[in-house]
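In UniProt numbering, the protein residues as written are 1 to 1157.
See the structure below:
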């Protein structure tokens, strides 16, 4: 592009940002580069010369003292301020790659930072001294162990004399921009120096600013809009930009507009919600003396742009000098560095009204703005020079013409190079080609169309709501919700589809404003009515939640997928809700019908139909049929009740009512009438007009068998016929729905050609090897972690116990089944763990069911991890207590739930697991102890898979964390894994054990554990005490397997530091075939298929034992990786080089015995 028009003779270099910074430091040394304000009085500034010196000084320190080399990734964890800018450019000046991330906050989980650390493979994190001190002292950030923290505002972190200019060019990797988008885990977009420069040039073309520019931003600098728009673009053009903390703006939006006025800002902007927030929150008194006339470019992007917001913002602030043509709607994303489209200046903003119903059908038809079908869309700007934008059919991959809706594909110099270490995702997203071989293009996943030179974004491909074959865009429904209720917070509504009971359902989650004495039921009804009327799709659930609790990305985009998970996990901060299935399953005792029934009996209704009463009879029949379909929604009905809008009945439900009425009265409604009748009164008139007056009024099953008196009398022949609900009897187990589903699944499995992998007969002891059908296999399907099952000492002890005590104790221990060996094992378990006492039970599953079901009951609350074992869930269900899961391993979410709920319950039981047997990760037990103490709850830890595997000598989670085991109220474990036996135990205080021994039904009324099993477990503990090196060897073998999997690009999920390692395929068929192919190689590993896990989580689960050799492990990983490739499976990461593999394997072989998180 011709930059001279803007820069004159001061055109900056265009190779990389270090040379751009040097250019301005030499040419505008004393000009202010960046300022920072708190919105009130505190102002900080740094000139180009000062910035250049600080950047070189820190870069020299990184090169000299930290040994940073070209290509190293440096995590930036700065709070808002100028330190981020110094640290960011110092990364480039040191030849490193900047990795901006969420700054640590006490209300943000550290797990996201950890996921970035792992994905970016970073060893250093830069921040301020105060943040480093916080991170170093706060256990919540233990996930950063292994990352060196550096407080760069320390004067000692300056070594300008040691700085050496690195070799940089346009192809040098500059930034990993991590983005969650609206779904999925963070992915690092690889942006080169050339990408950054190219996008700055695009912004310059789209914005067309004058040369007297001053900018201002409150957007977070770790986000693409804040980084590129707030740091890189101002640096490129050599103009001042004033920064403000996002919280400063959110706390008081007027500070933004006041800052624009104070600093005479010409360029500033943000997402749509920011403008709406100004409209909603800024009072006239805060605008006194504010002049917005210098604001020439008010960019708006990063989320759907609402025409109503643009209009109301103009109306509100035009009196203060804001001009409508200052608005510059734009479109972009992290994958394109930032901007894609925007402008042109002379026509902005462009708002066009389209036929909403046609848009739903993917047809672009303009209409007048006053049309009932009008749906205004804001144009996101023109296609800029050096760009190609195609609208592509996502299924056929054929380019579409203007005014056709499809996926937006982009080709331009600022498109990133892909996702870091995600080769397959990069190929699919960044290197797409059309069916006619145009490309490569970036697939955005956004839906849109080109109309009159403007790009319109109409939705998100993967967020599309498809119900009964009709597409709805969530943005349109969300806008309807905002208009429907004044209690809804603008820009904080999520609409999405969620499958329940085999069908897609529309769910709405909306933040409510802070208000008292609002009729929330009325607000819910208004939302349901408006959505049904405008989109012909009644919501299945509406949740109103607390302010600022809708999940969003850093730029303010609604995370609909996260909202869906919050709904499923019960993790919403509810104010009010309406859920169709809950209302319909509510107690239907027919109490509203009882007075009517009693009146009928007292008055002695005539058994013949009186023509004068026909209308009442018809109305009552209509109401009963409606109640049967609508449930609680139909609690208040009258002649004017609108079946469509008031009751939110969809088309299928309305047809069901019509069919039932036809069955009751005889005849059929004309089809055209069904689309016209909506109220109960209209329905009654239609029955009298179109259904034959002489038709038979049949007795039908009504709610709970209750029938209106006139219908009861209408059965005819002088007899009152109460039609009771009819249920088809089931007495043939082979016809049970559950069994039929099982047989269907087995047939589907058989059709794959793979043999049934379950219930295979193993012909000997299963350790590292097993024998099936006479053939030896390497076994990864047994949790004989320490090789105790089959150990000579254990086997001998079991045999001796049988000789001494027999094969069964033949009674409950309370009666005559108590043996000395029971007490000996219970004392050994208690000592092993570090508590007062323990009690044995005959089954691990029954141990959880018995204990949980006995200690809590009605009036109590059980909070358990969302990935808890079935035995925990079943115990909770059997207890009668209220049960709620909390997000996996999220002790902060648990704390929030207890803050809201603790006062409502007598006892609260928190249940977690030490090691989770499906994903192979483990819990931060000390943090859960803090939460349980804070809220006076009881904490139970299930150590089924951590007993014997965690801690230096295998004593479990207490030893692993170096904590006092008595800080946990209830330790549960099973003896079938490291214990070489079967059964389970509960360990804890003497009071706990005594209570269970005398009162727990699952213990009192159960036979005692058989002597052989008791002796085997006791011998296993004693052997482990004598041979603790087994635990260390297990840890090394597990670490080797995991590291080899990751080097091979296999998806091992969250597994870390445990002998449970999944290889996630995300497809049940792939998992099944992979298991079968490995069996052909002599490797036995079980597939975990849907519905045991979500289809996207289908996997093979490898159990590692200390008996496995390195050769067995290497062979298993190599074959797994090969077969996955042969099956066409996309790996999560590109395999490492042989040199890297060798180095990492050597590191794995010398791994420390104790790996603490």
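All C-beta atoms, glycine included, are put in the ideal place defined by N, C-alpha and C. All of these numbers come straight from a predicted model, not from anything done at the bench.
Less than 8 Å separating the beta-carbons of residue i and residue j?
| i | j | result |
| --- | --- | --- |
| residue 1127 | residue 1073 | yes |
| residue 576 | residue 524 | yes |
| residue 294 | residue 258 | no |
| residue 629 | residue 662 | no |
| residue 10 | residue 27 | yes |
| residue 341 | residue 331 | yes |
| residue 557 | residue 302 | yes |
| residue 120 | residue 222 | no |
| residue 527 | residue 481 | yes |
| residue 407 | residue 449 | no |
| residue 397 | residue 434 | yes |
| residue 669 | residue 684 | no |
| residue 1037 | residue 960 | no |
| residue 337 | residue 230 | no |
Kindly indicate which residue of the options has the alpha-carbon position closest to the one of residue i.
| i | options | result |
| --- | --- | --- |
| residue 234 | 991, 187, 355 and 17 | 17 |
| residue 256 | 281, 239 and 238 | 281 |
| residue 67 | 174, 95, 46 and 565 | 95 |
| residue 176 | 349, 296 and 421 | 421 |
| residue 912 | 898, 905 and 929 | 929 |
| residue 216 | 285, 292 and 153 | 292 |
| residue 823 | 997, 957, 907 and 915 | 997 |
| residue 165 | 91, 475 and 285 | 91 |
| residue 1017 | 51, 239, 793 and 1117 | 793 |
| residue 380 | 319, 312, 355 and 451 | 451 |
| residue 153 | 144, 131 and 169 | 131 |
| residue 1050 | 783, 188, 1121 and 1093 | 1121 |
Count the other C-beta atoms from every protein chain shown that fall within 10 angstroms of the C-beta of residue i, then say buried if there are 16 or more, exposed otherwise.
| i | result |
| --- | --- |
| residue 1146 | Annotation note: pLDDT 34 at residue 1146 (below 50); position unreliable, coordinate value reported separately. Burial call: exposed. |
| residue 167 | exposed |
| residue 304 | buried |
| residue 726 | Legend: pLDDT at residue 726 = 44, less than 50; position of this residue unreliable, value from coordinates given subsequently. Label assigned to residue 726: exposed. |
| residue 203 | buried |
| residue 602 | Its pLDDT being 30, under 50, residue 602 is placed unreliably by the model, and nothing is read from it. |
| residue 456 | buried |
| residue 761 | exposed |
| residue 1166 | Outside the shown range of the chain (1 to 1157) lies residue 1166, about which nothing can therefore be said. |
Which value, in whole angstroms, describes the spacing of the CA atoms of residue i and residue j?
| i | j | result |
| --- | --- | --- |
| residue 87 | residue 550 | 32 Å |
| residue 919 | residue 1101 | 8 Å |
| residue 616 | residue 532 | 29 Å |
| residue 981 | residue 945 | 14 Å |
| residue 1010 | residue 764 | 21 Å |
| residue 401 | residue 411 | 17 Å |
| residue 1083 | residue 147 | 37 Å |
| residue 596 | residue 620 | A caution first: residue 596 carries a pLDDT of 27, below 50, which makes its placement in the model too unreliable to give a value. |
| residue 309 | residue 518 | 25 Å |
| residue 732 | residue 738 | 12 Å |
| residue 180 | residue 680 | Bear in mind that a pLDDT of 49 at residue 180, under 50, signals an unreliable position, so the number given afterwards is only what the model happens to contain. Rounded to whole angstroms, residue 180 to residue 680 spans 48 Å at the Cα level. |
| residue 581 | residue 540 | 8 Å |
| residue 271 | residue 178 | 19 Å |
| residue 568 | residue 547 | 20 Å |
| residue 1089 | residue 1071 | 7 Å |
| residue 63 | residue 787 | 49 Å |
| residue 694 | residue 688 | With a pLDDT of 45 at residue 694, under the threshold of 50, the predicted position of this residue should be treated as unreliable, though the coordinate-derived value follows. If I take the Cα positions, the gap works out to 10 Å. |
| residue 172 | residue 99 | 14 Å |
| residue 714 | residue 520 | Low local confidence applies: a pLDDT of 40 at residue 714 is under 50, so the model's placement there is unreliable, and no value is given. |
| residue 797 | residue 901 | 50 Å |
Going by DSSP, what residues sit across from residue i in a beta bridge?
| i | result |
| --- | --- |
| residue 497 | 506 |
| residue 1052 | Its beta-bridge partners do not exist; DSSP assigns none. |
| residue 389 | 410 |
| residue 988 | 837 and 970 |
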